[in-house]
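Visitor:
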């Protein structure tokens, strides 16, 4: 056997867990290890994770890779990370966390955001003058839900003054991992985005805007220096070297947050080539040549890993989270549903059982509709008050109908978003890559093809998309390949074509789906103030 090619240790930290893989420059993924990490849901809209738990989980997954793939671990020359975005960790001068990570699901900062940036006339509770400046300079605006660092930092400032006074830097999730790897405090062009303090008008020169920084309410010295996603930010610190079992000479490339990395890992590096990512949340993203914003649909093109491009990102708050809810709150392992010949505990996960059950129910779920807004929505409407629900249940409705309705509801919500994406890109999308953990479901991929009425091309290794993206970003930063090389390296394992009959069913359902949102949005606002 020949020598092992240079490897990138690709770290993939999502909301549900820590993963790591070994990735070669040609995209080959060798080895895979993961550990779950808990999410702490708090009263009043809080959602936190412990950064120390992330670091412990990283040590565990790299140890597993070292045991199972010693030759490939021995060939690691670079480390690069992909992480969940929009989380906030306050660290002291020694780099120690002063708080748990305030995650992208946390809404407690919303009133502090309105207090800091309010004014008349207002747009969504924010000063119209400020909104206009944000749109001009950054391409977007802080979420009124309070789910991004602009609000998280104000939450710390106003409700944790002792922590704020000790804070040397506010770091996003990616930034904290990089600090632990190298000892260096930096932010990337994409991790800093949702602090809403940068001038993004020139993609090759993303920098802080003095006006936005002065207005943000946070001391300037608590904001980290900005680097490109492909910048080599250093080598492993001694403690990181010992923790990962790698030499201190291994270089660290800055990496990217998850949606940026997935756009690279999906191979969609050309202009206007979209992919649909299905994870805990979901998004449609595509690289585009210009900065642009659709204020109504909450879609913008923002800084990304490719230096002279932007990434159009249209984010939905919950996708796979709806399946996790089904697993945890509706179906259990001793449930008769799993004893009906679909799957046994030893054969696979409960999601494999779902995949076998779905084809037993016709498209349309026998008239049952589901809205997947378990935690509000981000696009094409930014509304934290929306909630999930089943509609049109009768005495004849089975639990399998409810199951299929959940999968279809996420797809119909994506169709709702897709209309805005088509407008943004200037032409209807006719073919799209699907990736992320949810793409493992053959049945769900077919539902997306039918509900969207387009060709769906499945990534051959959808669970590895973020790790592969981090691997490729690391490889570009280390000089092993260029972004232009990536399109020719991507592989699909199946193409799902829409069924005209099923698409016709979803056409009718989609009209009802939109009507449900219009009628129910005021009700949810009253219920969830």
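In the UniProt record's numbering, the protein residues as written are 1 to 529. Don't be surprised by glycine CBs; every beta carbon is placed ideally from N, CA and C.
Taking the straight line between their C-alpha atoms, what separation do you get for residue 26 and residue 475?
Guide: Within the chain shown, the letter at position 26 stands for residue 26. Within the chain shown, the letter at position 475 stands for residue 475. When rounded, the distance between both Cα atoms is 9 Å.
Visitor: How do the segment 127-139 and the segment 193-204 stand: do at least 3 beta-carbon pairs fall below 8 Å, yes or no?
Guide: Cβ pair count under 8 Å is three or more, so yes.
Visitor: Going by DSSP, what residue range makes up the beta strand (DSSP E) through residue 48?
Guide: Sequence index remark: in the chain shown, residue 48 carries index 48 (1-based). Looking at the DSSP string, the run of the beta strand (DSSP E) that includes residue 48 is 46-49.
Visitor: Hey, how far is the Cα of residue 524 from the Cα of residue 497?
Guide: Within the chain shown, numbered from 1, the residue matching residue 524 stands at position 524. Within the chain shown, numbered from 1, the residue matching residue 497 stands at position 497. Rounded to the nearest angstrom, the two C-alpha atoms are 36 Å apart.
Visitor: On the CB-based measure, 16 or more other CB atoms within 10 Å of its CB, does residue 384 come out buried or exposed?
Guide: Position 384 of the chain shown, counting from 1, holds the residue named residue 384. Buried.
Visitor: What is the residue span of the alpha helix (DSSP H) that residue 480 lies within?
Guide: Here residue 480 is taken as the residue at index 480 of the chain shown, counted from 1. Run containing residue 480: none; DSSP gives neither H nor E here.
Visitor: Count the CB pairs spanning the segment 400-408 and the segment 368-379 that are closer than 8 Å, and state whether there are at least three.
Guide: In short, these stretches touch, since the Cβ pair count reaches three.
Visitor: Let me know the secondary structure DSSP gives residue 432 once reduced to three states.
Guide: Taking the chain shown and counting its residues from 1, one reaches residue 432 at position 432. It is a strand residue.
Visitor: How many Å lie between residue 303 and residue 147 at the Cα?
Guide: Taking the chain shown and counting its residues from 1, one reaches residue 303 at position 303. Taking the chain shown and counting its residues from 1, one reaches residue 147 at position 147. The straight-line gap from Cα to Cα measures roughly 19 Å.
Visitor: Take residue 493 as the anchor and find which of 150, 242, 433 has the nearest alpha-carbon.
Guide: The residue labelled residue 493 in the question sits at position 493 within the chain shown. Of the listed residues, the one whose Cα sits closest to residue 493 is 433.
Visitor: Could you spell out the range, first to last residue, of the alpha helix (DSSP H) harbouring residue 262?
Guide: Working through the chain shown from its first residue, we reach residue 262 at position 262. Per DSSP, residue 262 belongs to the alpha helix (DSSP H) from 258-265.
Visitor: Jot down the residue ranges of each uninterrupted alpha helix (DSSP H) in the segment 169-255, minimum 4 residues, whole runs only, in chain order.
Guide: Qualifying alpha helix (DSSP H) stretches, in chain order: 173-182, 210-215, 238-244.
Visitor: Helix, strand or coil: how does DSSP classify residue 346 here?
Guide: Numbered from 1 along the chain shown, position 346 holds the residue referred to as residue 346. Low confidence applies here, because residue 346 scores a pLDDT of 42, under 50, leaving its location unreliable; read the following figure in that light. In this structure, residue 346 counts as coil in the three-state DSSP scheme.
Visitor: Assuming residue 228 and residue 161 make a contact with CB atoms under 8 Å, what is their CB distance in whole Å?
Guide: As a working note, residue 228 is residue 228 in the chain shown. As a working note, residue 161 is residue 161 in the chain shown. Not a contact, Cβ separation roughly 35 Å.
Visitor: Reducing DSSP to helix, strand and coil, say where residue 119 ends up.
Guide: Counted from its first residue, the chain shown places residue 119 at position 119. DSSP places residue 119 in coil when its eight states are reduced to three.
Visitor: Excluding the five sequence neighbours on either side, which residues of its own chain have a C-beta within less than 6 Å of the C-beta of residue 218, listed in chain order?
Guide: If you number the chain shown from 1, residue 218 lands on position 218. For residue 218, where only same-chain residues beyond five positions count, the Cβ hits under 6 Å are 153.
Visitor: Where in the segment 353-436 do unbroken runs of the alpha helix (DSSP H), each at least 4 residues long, occur, reported from the N-terminal end onward?
Guide: Listed in chain order, the complete alpha helix (DSSP H) runs (minimum 4 residues) inside the segment 353-436 are 399-425.
Visitor: With DSSP collapsed to three states, give me the class of residue 40.
Guide: By one-based count along the chain shown, residue 40 stands at place 40. Strand at residue 40.
Visitor: Output yes or no for whether 8 Å exceeds the beta carbon distance between residue 411 and residue 379.
Guide: Here residue 411 refers to the residue found at position 411 when the chain shown is read from its first residue. Here residue 379 refers to the residue found at position 379 when the chain shown is read from its first residue. Taking 8 Å as the Cβ cut-off, residue 411 and residue 379 do not qualify as a contacting pair.
Visitor: Is it the case that the Cβ atoms of residue 276 and residue 414 are separated by a distance below 8 Å?
Guide: For the purposes of this step, residue 276 is taken as residue 276 along the chain shown, with counting starting at 1. For the purposes of this step, residue 414 is taken as residue 414 along the chain shown, with counting starting at 1. Cβ atoms of residue 276 and residue 414: closer than 8 Å.
Visitor: Find the nearest neighbour of residue 53 within the set 478, 389, 394, 14, judged by alpha-carbon distance.
Guide: Locating residue 53 in the chain shown gives position 53, where the first residue counts as 1. Of 478, 389, 394, 14, the residue nearest in Cα terms is 14.
Visitor: Would a C-beta distance cut-off of 8 Å place residue 455 and residue 430 closer than the cut-off?
Guide: Numbered from 1 along the chain shown, position 455 holds the residue referred to as residue 455. Numbered from 1 along the chain shown, position 430 holds the residue referred to as residue 430. Yes. Within cutoff.
Visitor: Using only alpha-carbon positions, find the residue among 457, 96, 42, 168 that is nearest to residue 597.
Guide: Summary: the structure shown does not reach residue 597, with the chain confined to residues 1 through 529, and so no result is reported for it.
Visitor: Measuring straight from C-alpha to C-alpha, what distance separates residue 462 and residue 437?
Guide: Counted from its first residue, the chain shown places residue 462 at position 462. Counted from its first residue, the chain shown places residue 437 at position 437. Taking the straight line from one Cα to the other gives about 6 Å.
Visitor: Buried or exposed: which applies to residue 291, given that a residue is buried once 16 or more other Cβ atoms fall within 10 Å of its Cβ?
Guide: On the chain shown, position 291 is the one that residue 291 refers to. By the neighbour-count rule (16 or more Cβ atoms within 10 Å), residue 291 is buried.
Visitor: Between residue 490 and residue 267, which are expected to be in contact by the criterion C-beta below 8 Å, what is the C-beta distance as a whole number of angstroms?
Guide: Sequence index remark: in the chain shown, residue 490 carries index 490 (1-based). Sequence index remark: in the chain shown, residue 267 carries index 267 (1-based). At roughly 3 Å, the Cβ-Cβ gap stays under 8 Å, so residue 490 and residue 267 are in contact.
Visitor: Which residues in the same chain have their Cβ closer than 7 Å to the Cβ of residue 164, if we skip the five residues on either side of it in sequence?
Guide: In the chain shown, counting from the first residue as 1, residue 164 sits at position 164. Excluding residues within five positions, the ones whose Cβ falls inside 7 Å are 156, 157.
Visitor: Between the alpha carbons of residue 173 and residue 85, how many angstroms are there, rounded?
Guide: Position 173 of the chain shown, counted from the first residue, corresponds to residue 173. Position 85 of the chain shown, counted from the first residue, corresponds to residue 85. Rounded to whole angstroms, residue 173 to residue 85 spans 6 Å at the Cα level.
Visitor: So residue 57 packs on residue 37, CB below 8 Å; how close in whole Å?
Guide: Sequence index remark: in the chain shown, residue 57 carries index 57 (1-based). Sequence index remark: in the chain shown, residue 37 carries index 37 (1-based). About 6 Å; that satisfies the 8 Å criterion.
Visitor: Mind checking whether residue 363 and residue 495 have CB atoms under 8 Å apart?
Guide: Taking the first residue of the chain shown as position 1, residue 363 is located at position 363. Taking the first residue of the chain shown as position 1, residue 495 is located at position 495. Against a cut-off of 8 Å, the Cβ pair of residue 495 and residue 363 comes out as no contact.
Visitor: Can you give the Cα-Cα distance for residue 101 and residue 88, rounded to whole angstroms?
Guide: Against the chain shown, residue 101 aligns to sequence position 101. Against the chain shown, residue 88 aligns to sequence position 88. Taking the straight line from one Cα to the other gives about 5 Å.
Visitor: So, is residue 12 buried or exposed, given that buried needs 16 or more other C-beta atoms within 10 angstroms?
Guide: For this step, residue 12 is matched to residue 12 along the chain shown. It is buried - the Cβ of residue 12 has at least 16 other Cβ atoms within 10 Å.
Visitor: Could you tell me the distance, in whole angstroms, from the CA atom of residue 9 to the CA atom of residue 301?
Guide: Your numbering for residue 9 matches position 9 in the chain shown. Your numbering for residue 301 matches position 301 in the chain shown. When rounded, the distance between both Cα atoms is 29 Å.
Visitor: So for residue 284, helix, strand or coil by DSSP?
Guide: Here residue 284 is taken as the residue at index 284 of the chain shown, counted from 1. Correct three-state label for residue 284: strand.
Visitor: Jot down the residue ranges of each uninterrupted beta strand (DSSP E) in the segment 460-513, minimum 3 residues, whole runs only, in chain order.
Guide: Qualifying beta strand (DSSP E) stretches, in chain order: 492-496.
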